[in-house]
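Novice: Under this note's numbering, residues 21 to 298 are what the sequence shown spells out, in order.
We treat Cβ as the ideally placed atom computed from N, Cα and C, and that holds for glycine.
Treat the numbers as computed from the prediction; the structure is a model and nothing was measured.
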Amino acid sequence: MTDMAAHAPTASRRRWGSTAAGVLILGVMLFPLYWMLNTALQPESGLLQVDPVPGRLDLSGFSKALGDQGGHLLTSLVVSLGAVALCLAISAPAAYGLARFGLRGSRTVVFGTLITQMVPGIVIANALYAAYVDLGLVNSYFGLMLADASLGIPFSIVLMRSFMVSIPGEVVEAAEIDGAGPVRVFLRVILPMSRNSLITSGLFAFLFAWSDFMFALTLNTTDDVKPITLGIYQYIGAHVGDWGSVMAASVLSAVPAAILLVLAQKYIAAGITGGSVK
21 MTDMAAHAPT
31 ASRRRWGSTA
41 AGVLILGVML
51 FPLYWMLNTA
61 LQPESGLLQV
71 DPVPGRLDLS
81 GFSKALGDQG
91 GHLLTSLVVS
101 LGAVALCLAI
111 SAPAAYGLAR
121 FGLRGSRTVV
131 FGTLITQMVP
141 GIVIANALYA
151 AYVDLGLVNS
161 YFGLMLADAS
171 LGIPFSIVLM
181 RSFMVSIPGE
191 VVEAAEIDGA
201 GPVRVFLRVI
211 LPMSRNSLIT
221 SGLFAFLFAW
231 SDFMFALTLN
241 TTDDVKPITL
251 GIYQYIGAHV
261 GDWGSVMAAS
271 VLSAVPAAIL
281 LVLAQKYIAA
291 GITGGSVK
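1) How many Å lie between Gly295 and Arg181 at the Cα?
2) Please look up how many angstroms separate the CB atoms of Ser231 and Leu179, rounded, as I've assumed it's under 8 Å.
3) Rounding to the nearest angstrom, what Cα-Cα distance links Asp168 and Val205 in this structure?
4) What ranges does the alpha helix (DSSP H) occupy inside the stretch 189-222, keeping only unbroken runs of at least 4 residues that lie completely in it?
5) Specify the secondary structure class of Ala41 as computed by DSSP and reduced to three states.
6) Since Met49 contacts Ser270 with CB under 8 Å, what's their CB separation in whole angstroms?
7) Give the range of the alpha helix (DSSP H) segment to which Met180 is assigned.
8) Grab the span of the alpha helix (DSSP H) containing Gly125 for me, first residue to last.
9) Check whether the stretch 135-146 and the stretch 189-198 touch, using three or more Cβ-Cβ pairs below 8 Å as the test.
10) Would DSSP call Met234 helix, strand or coil?
11) Check Met138 in the structure and name its three-state DSSP category.
12) State yes or no: is the C-beta of Ala112 within less than 9 Å of the C-beta of Leu211?
13) Whose C-beta lies closer than 8 Å to the C-beta of Phe162 among residues of the same chain, with five residues either side of it excluded?
14) Classify Gly251: buried if its beta carbon has 16 or more other beta carbons within 10 angstroms, exposed otherwise.
15) Using the three-state DSSP reduction, which class does Gln62 fall into: helix, strand or coil?
16) Within the same chain, show all residues whose beta-carbon is closer than 8 Å to that of Lys298, passing over the 5 residues directly before and after it, in chain order.
17) Helix, strand or coil, according to DSSP, for Arg35 in the structure here?
18) Is it right to say Gln69 is buried, meaning 16 or more other beta carbons lie within 10 angstroms of its own, or is it exposed?
19) DSSP three-state label for Val301, please.
20) Nearest to Ala274 by CA position, among Leu61, Leu93 and Leu155, is which residue?
21) Whose C-alpha, out of Asp244, Trp263 and Gly264, is nearest the C-alpha of Ser96?
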């Protein structure tokens, strides 16, 4: 009993120490976000004259940023949603084929898919530009959607394959006995059961497309298709003295991704860990 009583304060101190370390690390990681919002709320202050805490809430920077960058936010939303649709339309059937049909060399295909994630973006962008010129896809919404979709396809294939492998074969066999063909099994059985992995893959594909800068800069030579990342990049050069508006535009660009992460967090946890247990 004495040893247990002596051990209790030690365990409590360890928990408090771990909590304090976690709060400290979280504070360091979130400080840039706080400073970005703090600067956005003080649009009249210079970058070096920003107060640690805003004395009053001045939303004029947000109003100006929304007027200047609102169209670019809408462009990013359209391109990102299109990239998600293309990514899932390509990666879901590919993942199902690799998971269910016992294709020879499927493990090699999966490994090669992971290797593609290591190729530098600038190499892919330069190769795509030459192909896009011949195909007439430069400065087009579809061209940028297709390029951004390629960022999420490898990750989505690997994630969804690991989830679909864990689906019991008896479920597929029961559907086939009821007269369902391969396409119907995929659409009516596999996809609904893979909802968590689909949502997780779609979310990451959206984030990849939303934060893309390399393809947006390389594959667009006019202002016809300008997502928010490229808009902020050019905004800094044009308004280098107005950091409040620049930071306000950055805050606005982070809002959609933050909302999606909050709404989909339970699906993300289930989608990532779903294929680990069979």
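Specialist: Let's see:
1) Within the sequence shown, residue 295 is the residue found at index 275, counting from 1. Within the sequence shown, residue 181 is the residue found at index 161, counting from 1. Confidence in Gly295 is poor, its pLDDT being 49 and thus under 50, which makes the residue's placement unreliable; the coordinate value appears in the next sentence. Distance from the CA atom of Gly295 to the CA atom of Arg181, rounded to whole angstroms, is 8 Å.
2) The residue given as residue 231 occupies position 211 in the sequence shown. The residue given as residue 179 occupies position 159 in the sequence shown. In fact, because the Cβ distance is near 18 Å, the residues do not count as touching under 8 Å.
3) Start at 1 with the first residue of the sequence shown, and residue 168 comes out as number 148. Start at 1 with the first residue of the sequence shown, and residue 205 comes out as number 185. Using only the alpha carbons, I get a separation of about 29 Å.
4) Entirely contained in the stretch 189-222, the alpha helix (DSSP H) runs reaching 4 residues are, in chain order, 189-197 and 202-205.
5) Residue mapping note: residue 41 aligns to position 21 of the sequence shown, counting from 1. Three-state result, Ala41: helix.
6) Within the sequence shown, residue 49 is the residue found at index 29, counting from 1. Within the sequence shown, residue 270 is the residue found at index 250, counting from 1. Incorrect: roughly 17 Å between the Cβ atoms, too far for contact.
7) For the purposes of this step, residue 180 is identified with residue 160 of the sequence shown, where counting begins at 1. Judged by DSSP secondary structure, Met180 falls within the alpha helix (DSSP H) whose first and last residues are Tyr161 to Val185.
8) Along the sequence shown, one-based indexing puts residue 125 at 105. According to the DSSP assignment, Gly125 belongs to no alpha helix (DSSP H), since it is labelled neither H nor E.
9) Taking one beta carbon from each stretch, the stretch 135-146 and the stretch 189-198 have fewer than 3 pairs nearer than 8 Å; the two do not touch.
10) Taking the first residue of the sequence shown as position 1, residue 234 is located at position 214. Annotated three-state conformation of Met234 is helix, per DSSP.
11) Start at 1 with the first residue of the sequence shown, and residue 138 comes out as number 118. For Met138, the secondary structure class from DSSP, reduced to helix, strand or coil, is coil.
12) Numbered from its first residue, the sequence shown carries residue 112 at position 92. Numbered from its first residue, the sequence shown carries residue 211 at position 191. In this structure, Leu211 lies closer than 9 Å to Ala112 by Cβ.
13) By 1-based counting over the sequence shown, the position of residue 162 is 142. Same-chain partners within the cutoff: Gly102.
14) Here residue 251 is taken as the residue at index 231 of the sequence shown, counted from 1. Label assigned to Gly251: buried.
15) Working through the sequence shown from its first residue, we reach residue 62 at position 42. Secondary structure at Gln62: coil, using DSSP grouped into helix, strand and coil.
16) Position 278 of the sequence shown, counting from 1, holds the residue named residue 298. Residue placement at Lys298 cannot be trusted, given a pLDDT of 45 that sits under 50; the coordinates are not used to answer.
17) Locating residue 35 in the sequence shown gives position 15, counting from the first residue. Per DSSP, reduced to three states, the secondary structure at Arg35 is helical.
18) Within the sequence shown, residue 69 is the residue found at index 49, counting from 1. With fewer than 16 other CB atoms across the displayed protein chains lying within 10 angstroms of its CB, Gln69 is exposed.
19) This structure cannot speak to residue 301, because the chain is shown only from 21 to 298.
20) For the purposes of this step, residue 274 is taken as residue 254 along the sequence shown, with counting starting at 1. Taking only the C-alpha atoms, the option nearest Ala274 is Leu93.
21) As a first step, residue 96 is located in the sequence shown; it is residue number 76 there, counting from the start. Nearest C-alpha to Ser96 among Asp244, Trp263 and Gly264: Asp244.
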